[in-house]
Amino acid sequence: MLLRDCFTPEFVKDITASERKKAQSAMMLLAEKQFEKTIRGRLVYHGDGTCEWLSQENTASPTALQEAIAITCVIDAHEDRDIMMMDVPNTFIQTYMPKAKEGEDCVYMKITGMMVQILIDMAPEYRKYVVLENGKRVIYVRVLRAIYGMLQLSLLFYNQFRSDLEAKGFVFNPYDPCVANKVVNGKQQTIRFHVDDLMSSHMDPKVNDKFAEWLRYGSIQACTIVRGKIHRYLGMTLDFSVKGKLKIRMDNYVKNMLEDFPIKFYKDSKQETPAGNDLLEAGKGKLLNAEYRQIFHTTVARGLYVSKIARLDIHPTITILASRVRDRSS
4 MLLRDCFTPE
14 FVKDITASER
24 KKAQSAMMLL
34 AEKQFEKTIR
44 GRLVYHGDGT
54 CEWLSQENTA
64 SPTALQEAIA
74 ITCVIDAHED
84 RDIMMMDVPN
94 TFIQTYMPKA
104 KEGEDCVYMK
114 ITGMMVQILI
124 DMAPEYRKYV
134 VLENGKRVIY
144 VRVLRAIYGM
154 LQLSLLFYNQ
164 FRSDLEAKGF
174 VFNPYDPCVA
184 NKVVNGKQQT
194 IRFHVDDLMS
204 SHMDPKVNDK
214 FAEWLRYGSI
224 QACTIVRGKI
234 HRYLGMTLDF
244 SVKGKLKIRM
254 DNYVKNMLED
264 FPIKFYKDSK
274 QETPAGNDLL
284 EAGKGKLLNA
294 EYRQIFHTTV
304 ARGLYVSKIA
314 RLDIHPTITI
324 LASRVRDRSS
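Position 158 (the sequence shown) corresponds to 161 in my numbering; numbering is contiguous.
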């Protein structure tokens, strides 16, 4: 992050009282990389406190519609395209923060605790910016690039990525702002993206190769690429093994749901229908406690996603359960 100039230190005297009040703390988290299967440390911005002054319309990013993903993947199967999934290195920190307009506050972050010493060891010039707050050392930095944890992170990336794709000649679908097409060598190339999860397809594999190289955005590290006839994307398993056909499965997604659910069932227990005989009856038990309410809400939400894609048969049951997330009884 230092090499990419993601932030710059500033003296406290040069920061307004409003900017200091809005400054959020930096945190160091461990993250698992999906494709590389490694654990990496990541400096993130604690953005929860920014909910007070950032509205949803200023933070919500468009995401690809499920219908658009299904339709474009069917076209991929029909045309037997080369399909490529990509993980862009350092996706978000390559996005610049918009310049603050007159009268607006700049975005600041507070580096505290042991991270102060680590930062000074890496960049000794930061030492003169250290101040004491409540007996703890703090360095205030002005954020120049989008940092993980910021509520507006996804929207900032979307705006820049869309602009970059349009500059490269891609035309966005008028019905889905996360699907773009471009004719290359007489054949159509299709890009779909859900925030930073990208999927590209073209009949010529070399076209995808060139796109992956461009997508590095000048990064030293190359994109992590997954190719083949079977792909995992947004919880789905997209199977192109049979020429001209697409199979969408969610076996792993459902398996994870069952593993995460705290109530375990006997192996020989069977249910002819996911809806019990008392599904439509009014709840008679006690209201669930906070822990069980969260489990119920999460499970219903995940089930709703499955019912829209791979298990249409459970949709009536999920519909009833979704109507009871406010009145959750045992």
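Positions of the beta carbon are idealized from the N, C-alpha and C atoms, including for glycine.
Unbroken alpha helix (DSSP H) run spanning residue i, endpoints
i: I72; result: 69-82
i: F160; result: 156-170
i: Y295; result: 293-312
i: S21; result: 20-25
i: I321; result: 318-325
Opening and closing residue of the beta strand (DSSP E) in which residue i lies
i: G44; result: 42-48
i: E136; result: 134-136
i: K250; result: 250-252
i: T66; result: From DSSP, T66 is part of no beta strand (DSSP E); its letter is neither H nor E.
i: A183; result: 182-187
i: T193; result: 190-197
i: L201; result: 200-205
Cβ distance (whole Å) where residue i is taken to contact residue j below 8 Å
i: Y161; j: P65; result: 6 Å
i: K232; j: F214; result: In fact, because the Cβ distance is near 20 Å, the residues do not count as touching under 8 Å.
i: E13; j: V144; result: 7 Å
i: L324; j: V303; result: 5 Å
i: Y111; j: V146; result: 7 Å
Reduced DSSP category for residue i - H, G, I as helix; E, B as strand; rest coil
i: F175; result: strand
i: R259; result: This sequence places Asn at residue 259; Arg is not what is there. In this structure, N259 counts as helix in the three-state DSSP scheme.
i: Y129; result: helix
i: K213; result: helix
i: V245; result: coil
i: D85; result: strand
i: I228; result: strand
Residue(s) in a DSSP beta bridge with residue i
i: Y143; result: K113
i: T240; result: R235, R252
i: T11; result: R145
i: A29; result: Y48
i: Y99; result: R148
message = For the segment 88-95 against the segment 194-209, do three or more pairs of beta-carbon atoms, one drawn from each stretch, fall closer than 8 Å, so that the two count as touching?
response = yes
inquiry  = Taking 8 Å as the cut-off, does the segment 122-135 touch the segment 74-83 (at least 3 CB pairs, one atom from each stretch)?
reply    = no
query = Using 8 Å as the threshold, is the segment 165-175 in touch with the segment 102-117, meaning 3 or more CB pairs across them?
reply = Touching, no.
inquiry  = So, does the segment 116-127 touch the segment 236-253, judging by three or more C-beta pairs under 8 Å?
reply    = no
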